[in-house]
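**Student:** Residue numbers (our numbering): 152 to 472.
A virtual CB, placed ideally from N, CA and C, is assigned to each residue, including glycine.
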Amino acid sequence: MRNTAIALAALVTFGAAQAQTKWDMPTPYAEGEFHTRNVKAFAEDVKKMSGGALEITVHSNQSLIKHQDTLRAVSTGQVNIGELLLGQFSNEDPVFAADNVPFVAAGYDAAWKFYQAQKPVLEKKLQGRGLKPLYAVAWPGQGLYTKDPLKNIADLKGAKMRTYSPLTSRLAELLGATSVQVQVTDVPQMFATGAMTTMVTSSATGTATKAWEFVKNYYRTNAWNPKNVVVVNQRAFSALPQDQQAGILKAAAAAEPRGWEMSKAREKEGDETLSKNGMAVSDASAEMKAALAKIGEQMAAEWEKSAGTEGQAILKAYRGK
């Protein structure tokens, strides 16, 4: 009887091990970045809610899948879940670029309202690729990093500007700068070699890349708050037991507001860190803001045209018209 009991216990243990599901989750950012920390908290919540039956291993810093390949990788089931910067994929669909249009929704409150307007269209677009969006978190507001002080935006003419999406490339073009597509992990090397001389990004990315080693000025233009989105392969999600599906959705519902609060804290911390390391941190002048807003109006019109009725629907919902 004792041997039988041991054998049964072994079978139960083996069955539990067999029942455990393990997913790999790529994210493009470093271990310490707030998006990665939020993703790891999400993965831990999923593990707890599933009683250990579903375990998500987070692979940071593009170590598993390159950022530009993440959308395809999750769509095809190469990996079951992943995090990506939505605007980077706007060449595939202009709806993905909505939150990269400068000065349409400046600041966190406006960015959240814009997200709610974009969400129904975005969900439909991702579903068409076999993806289920779980949650989205905004980056801090985007600003300009320059080596020399700016008198006006004409000073950016001829600069080699780091961009990370088609719309930021368009912004560089309208500023008279040369667009240089660079992932966050490659920023220090590109600055060091002179391949780029300025960038438009958040204070979070500025501190993560130690921007003070290459540039001396940061202008808080607060132009837009691009979003990261966590998506899951719909087939993989549907194959899970109902309780595990519910656990993922519950963990995602906690991760979204937590991530937005982490983003706000990261912006404040980032501004302070840049200043402590000798950078001149200041708001853009009224003249500079006016010139950038004019460019923003042009880009918004271009984006609305490219996004068609869906773009019009997003802006209409956002503006309450």
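What is the DSSP secondary structure of PRO177, reduced to helix, strand or coil?
**Tutor:** Three-state result, PRO177: strand.
**Student:** Which partner residues of PRO284 appear in the DSSP bridge assignment?
**Tutor:** The partner list for PRO284 (beta bridge, DSSP) reads VAL382.
**Student:** Thinking MET176 and VAL252 are a contact (beta carbons under 8 angstroms), I'd like their distance in whole angstroms, please.
**Tutor:** About 29 angstroms; that fails the 8 angstroms criterion.
**Student:** Between MET200, GLY281, ASN189 and SER214, which lies nearest to ASN384 when the distance is taken from Cα to Cα?
**Tutor:** Cα-wise, what sits closest to ASN384 is GLY281.
**Student:** Determine, using beta carbons only, whether GLY421 and SER316 come nearer to each other than 8 angstroms.
**Tutor:** For GLY421 and SER316, no; Cβs fall outside 8 angstroms.
**Student:** Using CA coordinates, which residue listed in ALA441, PHE240, ALA249 and LYS191 is at the minimum distance from ALA468?
**Tutor:** Measuring from the Cα of ALA468, the nearest candidate turns out to be ALA249.
**Student:** Taking the beta strand (DSSP E) that VAL351 belongs to, which residues open and close that run?
**Tutor:** 349 to 353 is the extent of the beta strand (DSSP E) around VAL351.
**Student:** What are the start and end residues of the beta strand (DSSP E) that includes ASP394?
**Tutor:** Where ASP394 is concerned, there is no enclosing beta strand (DSSP E), although the alpha helix (DSSP H) it sits in stretches over 393 to 427.
**Student:** Could you tell me which residues DSSP pairs with SER330 in its beta bridges?
**Tutor:** Beta-bridge pairing links SER330 to MET312.
**Student:** Quick one: what's ARG371 bridged to in DSSP?
**Tutor:** Its beta-bridge partners are ASP434.
**Student:** Just to confirm my understanding: we take THR358, look at its own chain, exclude 5 residues before and 5 after, and list those with CB closer than 6 angstroms. What are they?
**Tutor:** Same-chain partners within the cutoff: GLY421 and THR424.
**Student:** If you follow the alpha helix (DSSP H) that VAL209 is part of, which residue opens it and which one closes it?
**Tutor:** VAL209 -> not in any alpha helix (DSSP H); beta strand (DSSP E) instead, spanning 205 to 210.
**Student:** In terms of residue numbering, what span does the alpha helix (DSSP H) encompassing LEU237 cover?
**Tutor:** Looking at the DSSP string, LEU237 is not in any alpha helix (DSSP H), and its letter there is neither H nor E.
**Student:** Please go through the same chain and pick out, in chain order, the residues whose beta-carbon is closer than 8 angstroms to the beta-carbon of ILE216, but skip the five residues on each side of it.
**Tutor:** Excluding residues within five positions, the ones whose Cβ falls inside 8 angstroms are PRO177, HIS210, ALA224, GLN229, VAL230 and GLY233.
**Student:** Rounded to whole angstroms, what's the CA-CA distance from ALA405 to PHE193? Just pull it up for me.
**Tutor:** Each residue's Cα considered, the two are about 8 angstroms apart.
**Student:** Taking LYS308 as the reference, which of GLU412, THR187, LEU318 and SER330 has the closest Cα?
**Tutor:** Per the Cα distances, SER330.
**Student:** Looking only at its own chain, which residues have a Cβ that is under 8 angstroms from the Cβ of SER426, when we skip the five neighbours before and after it?
**Tutor:** Correct list, in chain order: VAL432.
**Student:** Decide if THR344 is buried, meaning its Cβ has at least 16 other Cβ atoms within 10 Å, or exposed.
**Tutor:** That one is exposed.
**Student:** Using a threshold of 8 angstroms, state whether the C-beta atoms of ALA451 and PRO245 are closer than that.
**Tutor:** Against a cut-off of 8 angstroms, the Cβ pair of PRO245 and ALA451 comes out as no contact.
**Student:** Can you tell which of SER214, ALA387 and GLN396 has its C-alpha closest to the C-alpha of SER201?
**Tutor:** Out of SER214, ALA387 and GLN396, GLN396 has the C-alpha closest to the C-alpha of SER201.
**Student:** Judging by CA-CA distance, which residue of GLN269, TRP454, VAL335 and ALA441 is the nearest neighbour of ALA305?
**Tutor:** Selected option, being the one with the closest Cα: ALA441.
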